[in-house]
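Residue numbers (my numbering): 168 to 556. All C-beta atoms, glycine included, are put in the ideal place defined by N, C-alpha and C.
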Amino acid sequence: MRDRLRSSIEEIKRKGNYRSIRYVKPSGSRIIYEGKEFLNLCSNSYLSLHTHPEVVAAAKAAVDEYGAGTCSSRSISGSIELYRILEHEIATYKGYDKGLVFSTGYMGNMGVIATLPESGDVIFSDELNHSSLIDSIRLSRAKTVVYRHRDLNDLEEKIRKHPSRGDAFVITESVFSMDGDVAPLGDLMRLKKEHGFQLLLDDAHGTGVFGETGRGGAELFNLSGTMDVETATFGKSFGSFGAFALGDPLVIEYLVNRARTFMYTTALAPASLAASIAAVRLISDNLTFKKELWDNIDYIRKGLAKAGFDLKESVGPIVPIVVGHDDKAVKMQNILMGKGIFIQAVRPPTVPRGMSRLRLTVVRCLSKEEMDFALDQLILAGRELGIIS
């Protein structure tokens, strides 16, 4: 086995796709790596709530009251009172009748998708769905059909070509994690009414950011609370950890009884639950956080577009700077790291071959001075590599 693994790693290195772990210490808009301070341009804490005093205080208080961990699955003795509060408040915030908290986003998607579809069902999946969705679909017993990214004509054609003997499911992200573009949820809902499929939405990158009140991708299309199942995470805009599934009480009841990633894993630490509760309450009736984030998003995007960067069809805080070849993406990453900017080159298999990129994310706590510095260095690096003129 070791020879095979060594050979595979060498092949990964040869293709320029080698990854290594970078141990860091984040602090607000900054990150400490190997003793040096960098401007962090790859955080998913869009609203910068992971350091908000109320969120931090709630986490500390929970440790004092409950201890460091639950040390049990939720089905045994791990569903402490904080779970009931958080499940009620996140369901209310998103417009659903019932919620269920999972330990991670991956487990949430896997719990829903590997549990609800059955043999004889058909799943239609957007080709650029997140790995957690793809792996979950593979674990289901349903037939899988992949449709072209955000292509509703292709989806409808495949729905007609692949009739289901049971239920049909369409699974999509609201905001795609690597491209930053938005699923056409209004048109998907129209197709749902015509064809009767179940619509499962992963709103990990939409929650807290998109929609008039920040309630997510569905709110952009006036569809809050209407998905058959909606999943998302507390580890991005809420600045904490964990994930949730939302839907009809019957669906949630079934997941409690059948979702293996719910039943057979240790429950979240009390600190994470309390932090998430505090974050949900902070943003439920306060649009200041969202407004400040979008001011930064608009500033960064205008600066990059003016310089000539092609931002594809992305919107919001995820900004893909596609450079093409793997080695060029790594070179740009290294140039920026040398200038004090912490950013990650994203390469296959995370993105399609020939589409390697830097994935820049905008967060609320970035100052104008920090954004100006980032824009200057991105433009210089882009010109050096011939990405922009």
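Nearest to Pro351 by C-alpha distance, out of Gly375, Gly381, Arg327, Asn320, is Asn320. Residue environment: Leu527 is assigned as buried (16 or more neighbouring CB atoms within 10 Å of its CB, all protein chains considered). The segment 259-276 makes contact with the segment 394-409: 3 or more CB pairs, one atom from each, lie closer than 8 Å. Using a 10 angstroms sphere on the CB of Met168, the tally of other CB atoms stays under 16, which defines it as exposed. Unbroken alpha helix (DSSP H) stretches of 4 residues or longer found wholly inside the segment 493-533: 493-505, given in chain order. Membership of Ala399 in the beta strand (DSSP E) is indicated by the continuous run 396-400. Note on geometry: alpha-carbon atoms of Lys227 and Met274 lie some 25 Å from one another. Beta bridge pairing from DSSP links Lys310 with Val289.
A residue is called buried once 16 or more other Cβ atoms fall within 10 Å of its Cβ, and Val268 is buried on that count. For Tyr200, the pairing in a beta bridge is given by DSSP as Val191, Lys203. About 6 Å separates the CB atoms of Phe336 and Leu367; that is less than 8 Å, so the two are in contact.
8 Å or more divides the Cβ of Pro437 from the Cβ of Thr311. Membership of Pro330 in any beta strand (DSSP E) is not indicated, and neither H nor E is assigned to it by DSSP.
When C-beta atoms of the segment 277-293 are compared with those of the segment 418-430, three or more pairs fall below 8 Å, so the two segments count as touching.
Under the three-state reduction of DSSP, Val279 is assigned to helix.
Fewer than three beta-carbon pairs drawn from the segment 208-217 and the segment 424-435 are found closer than 8 Å, and the two stretches are therefore not classed as touching. For Ile179 against Val191, the beta-carbon gap comes to about 22 Å, at or over 8 Å, which does not count as contact. Linking Leu358 to Phe364 through their CA atoms gives a straight-line distance of about 8 Å.
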